[in-house]
Amino acid sequence: MQPSRLLLLAGLLLPAACSSLPERDFFTLLPENSSSTISTTWFGQQTVSVTRSLHRKGQHCNIVLQYEPPHPGYKLKPELLRQAYGSLIGREHTEPLAPFITGSSEKTMQLTVPATCFRHSGGPWDYSLRLNFTSPDGTVHTVHDVRLYSDCPEPGALRNNPHFFDKTYDRNKESLEKLQQAALTCCTMRLFTHDFHSGKKSTQTISPTDVAALRHIIAHLQPVSTRHALINWAAISKLQLLNADGKVIGELPTARIASPHEVSPENVALMGYYMLQPQDESTWNTILSNLMR
1277 MQPSRLLLLA GLLLPAACSS LPERDFFTLL PENSSSTIST TWFGQQTVSV
1327 TRSLHRKGQH CNIVLQYEPP HPGYKLKPEL LRQAYGSLIG REHTEPLAPF
1377 ITGSSEKTMQ LTVPATCFRH SGGPWDYSLR LNFTSPDGTV HTVHDVRLYS
1427 DCPEPGALRN NPHFFDKTYD RNKESLEKLQ QAALTCCTMR LFTHDFHSGK
1477 KSTQTISPTD VAALRHIIAH LQPVSTRHAL INWAAISKLQ LLNADGKVIG
1527 ELPTARIASP HEVSPENVAL MGYYMLQPQD ESTWNTILSN LMR
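Taking the numbering used here, the leading residue of the sequence shown gets 1277, the next gets one more, and so forth.
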């Protein structure tokens, strides 16, 4: 098939593939409280610093921007940028946020953005702030795009994986099935930890009550695709599942568990293999924190 025909076919199929991806409501991913400082170069000479804080409240996202204009008389005009997941073409759309400005001064802007602005059809979508400064002559200068939620991977995250055709979901699904079978048949569980700085290794036996809770949690884990990254771990911890003879028949590295807020609408987690169910997250965190004391 000719390259041009292949490109045309991809262009026709990708929107349908994107629409068929599992939806996860982006608005519910937004944190209840978050802040960050963005510094970017202005015309290669001057640095513009913008501090962004946001929190989700009810059916609105409240955003506060504090900034230093690049030059006197410049005004900030932010836009809401949405970018498609699952598309190699990189579809994106912008819309002005002026209707949602609820307060502003020379160096501060407050926005109250309704949840509907984060729930466009044809997605799933990732949402960012596009920071534009307008000079006194009306020229618009785009300074920076700031993702509104950066704890889950961005669109196209799997392109950084070693293989062009990503196989992590299938691998994670297969390994989860084996782990869930081991959780059903194991007699006991323990937590193994290894501190790479001190070299210390330790194991802690898990109580029967917590073992029962962990069986339930493991049974309801969901596989996700994994975005790989180069991380130098300071330590590792993993649940070890043992049979009646004390032999390890399954292991679950705790770092491979992602909370629902760490999984993108494209079903991708940074270094995560499996996603917790929302109702299990609190129990999981409580058991681990008690074991880590």
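We put the CB at the ideal spot given by N, CA and C, even for glycine.
{"Item": "Minimum length 4: unbroken alpha helix (DSSP H) runs contained in the stretch 1432-1469", "Value": "1444-1461"}
{"Item": "Buried versus exposed, by CB contacts within 10 Å (16 or more), W1560", "Value": "buried"}
{"Item": "Straight-line Cα distance separating L1460 from D1421", "Value": "47 Å"}
{"Item": "Span of the alpha helix (DSSP H) around F1472", "Value": "Where F1472 is concerned, there is no enclosing alpha helix (DSSP H), given that its DSSP letter is neither H nor E."}
{"Item": "E1344 beta carbon less than 8 Å from that of C1428", "Value": "no"}
{"Item": "Short Cβ contact (8 Å threshold) for P1499 with Y1425", "Value": "no"}
{"Item": "From L1517, Q1553, R1466 and E1430, residue whose alpha carbon lies closest to that of A1458", "Value": "L1517"}
{"Item": "Inter-residue Cα distance where the pair is Y1361 and S1535", "Value": "20 Å"}
{"Item": "C-alpha distance - P1390 paired with R1466, whole-angstrom precision", "Value": "46 Å"}
{"Item": "S1565 in three-state terms, based on DSSP", "Value": "helix"}
{"Item": "DSSP-derived helix/strand/coil call for I1482", "Value": "coil"}
{"Item": "Inter-residue spacing [alpha-carbon to alpha-carbon] between P1307 and Q1342", "Value": "19 Å"}
{"Item": "Close beta carbons around M1547, own chain, < 8 Å, minus the five adjacent residues each side", "Value": "T1502, R1503, H1504, A1505, I1507, A1531 and R1532"}
{"Item": "Exposure label - P1348; buried when at least 16 CB within 10 Å", "Value": "exposed"}
{"Item": "L1407 CB to nearest heavy atom of the ligand ADP below 7 Å", "Value": "As presented, the structure is devoid of all ligands, the ligand ADP included, so that no description of it is given."}
{"Item": "Short CB-CB distance (under 8 Å) between H1396 and chain C", "Value": "Absent from the structure: chain C. Only one protein chain is present."}
{"Item": "Check whether N1408 and E1355 have beta carbons under 8 Å apart", "Value": "yes"}
{"Item": "Bridge partners - Y1550, DSSP secondary structure assignment", "Value": "P1499 and I1533"}
{"Item": "Residues sharing a beta bridge with S1581, DSSP", "Value": "Lying before the first or after the last residue shown, residue 1581 is absent from the chain, which here runs from 1277 to 1569."}
{"Item": "T1418 vs Y1350 beta-carbon contact at 8 Å", "Value": "no"}
{"Item": "Counted within 10 angstroms of its Cβ, other Cβ atoms place M1568 as buried (16 or more) or exposed", "Value": "exposed"}
{"Item": "Buried or exposed by the 16-neighbour rule on C-beta atoms within 10 Å, applied to W1574", "Value": "Residue 1574 lies beyond the stretch modelled for the chain, which goes from 1277 to 1569, so this question has no answer here."}
{"Item": "Beta-carbon proximity check, K1477 vs T1464, cutoff 8 Å", "Value": "no"}
{"Item": "8 Å Cβ cutoff met for Q1456 and A1495", "Value": "yes"}
{"Item": "F1394 classed as buried or exposed, judged by whether at least 16 other C-beta atoms fall within 10 angstroms", "Value": "buried"}
{"Item": "Whole-angstrom distance between E1368 and G1432, CA atom to CA atom", "Value": "13 Å"}
{"Item": "C-beta atoms of T1388 and N1338 nearer than 8 Å", "Value": "yes"}
{"Item": "P1429 in three-state terms, based on DSSP", "Value": "coil"}
{"Item": "Sequence-distant residues of its chain with Cβ nearer than 6 Å to L1405 (five each side left out)", "Value": "P1354 and V1422"}
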